[in-house]
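Before any comments, here is the structure.
Number of protein chains: 2
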Amino acid sequence: MSLIDDADAAASGPLSESGGRWLRVAAAQLGGVARHEPRSSVVDRLIAMMRQAASADVELIVFPELALTTFFPRWYVEGEPDLDLDWFYESEMPGPDTQPLFDEAKALGIGFCLGYAELTPPDEDGRRHRYNTQILVERDGTIVGKYRKVHLPGHREHEPWREFQHLERRYFEPGDDFPTWRAFGGVVGMAICNDRRWPETYRALALGGAELILIGYNTPIHYAPDPSQNALQSFHSHLVMQAGAYQNGAFVVGVAKGGTEEGVESLADSCIIAPSGRIIALTAHTGDEVAFADIDLELCRNYKETLFQFDRYRRPEAYGVLTERRGPVSPPPLPET
Amino acid sequence: MSLIDDADAAASGPLSESGGRWLRVAAAQLGGVARHEPRSSVVDRLIAMMRQAASADVELIVFPELALTTFFPRWYVEGEPDLDLDWFYESEMPGPDTQPLFDEAKALGIGFCLGYAELTPPDEDGRRHRYNTQILVERDGTIVGKYRKVHLPGHREHEPWREFQHLERRYFEPGDDFPTWRAFGGVVGMAICNDRRWPETYRALALGGAELILIGYNTPIHYAPDPSQNALQSFHSHLVMQAGAYQNGAFVVGVAKGGTEEGVESLADSCIIAPSGRIIALTAHTGDEVAFADIDLELCRNYKETLFQFDRYRRPEAYGVLTERRGPVSPPPLPET
């Protein structure tokens, strides 16, 4: 008598041996970028780290969220965002300021992942759109994929009670999906900053086959709505990325814009995480720094084909509430006694 | 111009002050239970820990998965499970052997959570069903809620290559939902063992308002399909429960049947975890042991009403794949070059 009725008739077995799929990856942490620091200066800093990584034969270097500018959502700008903030957005990629980065990557034969503020060309209604975006560029300089941040944190209106603003919900529209791409010998997905705190992010990417998840972030240490979380920023950042790696059998590269930027202290602690959930490389400083590791994408199988064999063990029929509901619905209050 | 169109017009603010909702909770770890250890002996052990907890004015004590028996899915039993394994299942709760636990709880005024193998009465087709079950009992001895394990790990057929079997998928049917209940001054949910490794578990419970998630487990240190995970059992167990607590702004109580049971070494490291994701109580041994903590359910608000305010920040419209797909679908292979 079989008590459950699924694909279980097939026996399981010990994990089979396989050859390696090695990739040398770097997390290229960036220190603060000043409000008026020119693009060319930032691009020079990125290129310096790219050269450092290439000198160690790194094949893929990951830069942080909004790597080309300061984290401008900390400021409320009077008037229409498109009148006052255009300087912070890229209207083409590569553009004149970023072309040297692409040229250098191609010359060095190194791929990269870069976060920036995107301003689209006008759509058919003449509207231009703004996204918090990250791209993946292959070793030949071609853009393989583009991801637009799905989970925009913070707020939309000016909130003078905060020490500094977090106006991502004013200055960006959200993306709507978690694509994955074949690149660098495996399946790659991307996420940005606050996305990493949401388990749905990693799960959606892993359901797209992701073996390597690249995450840039800008995380202020001070969290205005609940400053009791300030001292836990590093712990929380690592906790969610380590759990996301383990629960999805994927490598995660998490890369900060760290240090102090325009007076705001930001989390550093960039890292590379194995599918075991363990941190295998970590930055030691808060400024510009490259941490790297040799990763074997075949290691994902140790989790994806055993404990977390999704097609055997996931129970989507019990997960309906995850997509049916946005917010929680608690049971009704107990009657007074 | 508002770039995103949702409930954001309302300003956010710093977390408001509130009174506490304190509860004293105990994780009652159990050492091994022998195959032929009588129920009365196990119940005596549970009662001893219940009295110890009650002497510290604990209000809720949590026992592990399958607390009343040995972890019998480690054995393949020839023939029909219902002919040979009935001894391990409870056909009533409370039954003659477990009534003393309920009586003691009521006399002491302490609530409890208990995992056991459930054998249902015949349904309308005359079939009896088997579940890996956990119940929540209020301080007056009434059963408030019952949960049946959704994520059954292991396998269904005899696999002689393993040192010991993990036949949960043979001996149990899966449950199909993650209910929550108002009890103990808050909203309580339950999960069992392997459920804790799946982020969907905590998320479904938190979407039901859960502030306190009670999880019993039996986790062999040896993981046959990939023994490289053996040394990471404690790290993995804590990682997933800590992430589940933090990402859902809930307390988690994780309780082991630890120690060596019928020759199989099992993970201990029972713990109580705050909504910050931090372990605030931990067992120090591998046998019968009570760890307890005073928890303030209001602390959940620090996360549920800020960073993880689901109705403001979740993006179910981007999560469709979580319920549409069971297993992964990778991008098509790249063309040969």
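Line by line, the protein sequences are chains A and B.
For reference, each letter of the first sequence is one residue, going 4 to 340 in the working numbering.
For reference, each letter of the second sequence is one residue, going 4 to 340 in the working numbering.
The beta carbon of each residue, even a glycine, is placed where N, CA and C say it ideally should be.
- Please determine if the region 141-148 of chain A and the region 100-118 of chain A are in contact, where contact requires at least 3 C-beta pairs separated by less than 8 Å. yes
- Task: Given a cut-off of 7 Å, decide if G219 of chain A and A248 of chain A are closer than it, judged by their beta-carbon atoms.
- Result: no
- Interface residues of the region 139-158 of chain B facing chain A [CB-CB below 9 Å]: V153, H154, L155, P156, G157 and H158
- Task: Output yes if chain B places a C-beta closer than 7 Å to the C-beta of F313 of chain A; else output no.
- Result: yes
- Message: Quick check: is the beta carbon of T183 of chain A nearer than 7 Å to any beta carbon in chain B?
- Response: yes
- Message: For D126 of chain A and E95 of chain A, I'd like the C-alpha separation in whole angstroms.
- Response: 15 Å
- Opposing strand residues paired with P223 of chain B [DSSP bridges]: B:S269
- DSSP state of M4 of chain A mapped onto helix, strand, coil: Bear in mind that the predicted position of M4 of chain A carries a pLDDT of just 35, short of 50, making it too unreliable to give a figure here.
- Task: Please check the pair P319 of chain A and T326 of chain B, which I expect to be a contact at CB under 8 Å, by giving their CB distance rounded to whole angstroms.
- Result: About 5 Å separates the two Cβ atoms, so the contact holds.
- Please name the residue or residues paired with D297 of chain B in a DSSP beta bridge. B:R27
- Message: Does the contact criterion of 3 or more C-beta pairs under 8 Å hold for the region 246-266 of chain A versus the region 296-307 of chain A?
- Response: yes
- Item | Anticipated Cβ contact below 8 Å, L3 of chain A with A120 of chain A, distance rounded | Absent from the model: residue 3 of chain A. The displayed extent of chain A is 4 to 340, so no value can be given.
- Message: Let me check one thing: in DSSP terms, what residues is W184 of chain B bridge-paired to?
- Response: According to DSSP, W184 of chain B bridges with B:V191.
- Using beta-carbon positions only, say whether G178 of chain A and R151 of chain A come within less than 7 Å of one another. yes
- Where do the ends of the alpha helix (DSSP H) carrying F105 of chain A lie? Q102 to L111
- Item | Near-chain B residues of the region 317-330 of chain A (beta-carbon distance less than 9 Å), N- to C-terminal order | R317, R318, P319, E320, A321, Y322, G323, V324, L325, T326, E327, R328, R329 and G330
- Query: What's the call for A186 of chain B, buried or exposed, on a 16-neighbour Cβ count within 10 Å?
  - Reply: buried
- Item | Among A:H161, A:L49 and A:G157, the one whose alpha carbon lies nearest that of D198 of chain A | A:G157
- Are any of the Cβ atoms in chain A nearer than 7 Å to that of R24 of chain B? Judged by the 7 Å Cβ criterion, R24 of chain B is not in contact with chain A.
- Do D291 of chain A and L33 of chain A have their C-beta atoms closer together than 7 Å? The answer is yes: Cβ separation under 7 Å.
- Item | Closer than 9 Å at the beta carbon, the chain A residues around Q250 of chain B | R200, W201, P202, L242, V243 and A246
- Message: Against chain A, with Cβ distances strictly below 7 Å, would P17 of chain B count as a contact?
- Response: yes
- If we count the other Cβ atoms within 10 Å of its Cβ and call it buried at 16 or more, is V1 of chain A buried or exposed? The displayed coordinates of chain A run from 4 to 340. Any statement about residue 1 of chain A would go beyond what the structure contains.
- Message: Among A:E20, A:G23, A:A29 and A:V45, whose alpha-carbon lies nearest the alpha-carbon of I275 of chain A?
- Response: A:A29
- Item | Under 7 Å by beta carbon: chain E residues contacting R206 of chain A | Protein chains in the displayed structure are A and B, and chain E is not among them.
- Is F66 of chain B helix, strand or coil by DSSP? In the three-state reduction of the DSSP assignment, F66 of chain B falls in the coil class.
- Query: Whole-angstrom Cβ separation of N305 of chain A and D100 of chain B, contact assumed at under 8 Å?
  - Reply: Not quite, the Cβ-Cβ distance comes to about 42 Å (not below 8 Å), so this is no contact.
- chain A contact residues for A227 of chain B, given Cβ-Cβ distances below 7 Å: P17
- Query: Can you list, in chain order, the residues of its chain whose CB lies under 7 Å from that of I224 of chain A, leaving out five sequence neighbours each side?
  - Reply: N233, Q236, E268, S269 and L270
- Limits of the beta strand (DSSP E) - the one that L325 of chain B falls within: Segment G323 to E327 is the alpha helix (DSSP H) holding L325 of chain B; no beta strand (DSSP E) there.
- Message: Counting C-beta neighbours from all protein chains within 10 Å, is the total for H39 of chain B 16 or more, i.e. buried, or is it exposed?
- Response: exposed
- Query: What number of angstroms, rounded off, separates the C-alpha of A321 of chain B from the C-alpha of L155 of chain A?
  - Reply: 13 Å
- Can you give, in chain order, each stretch of the beta strand (DSSP E) that sits fully within the region 228-275 of chain A and has at least 3 residues? 254-259, 262-264 and 267-269
- Task: Quick one: using the 10 Å Cβ neighbour count with 16 as the cut-off for buried, is V324 of chain A buried or exposed?
- Result: buried
- Item | Residue environment, T347 of chain B, which counts as buried when at least 16 other CB atoms sit within 10 Å | The structure shown does not extend to residue 347 of chain B, since chain B is modelled only from 4 to 340, so the question has no answer here.
- Just by C-beta distance, which residues in the region 266-286 of chain B are closer than 8 Å to chain A? Those residues of the region 266-286 of chain B that come within reach of chain A (Cβ to Cβ, closer than 8 Å) are S279, G280 and R281.
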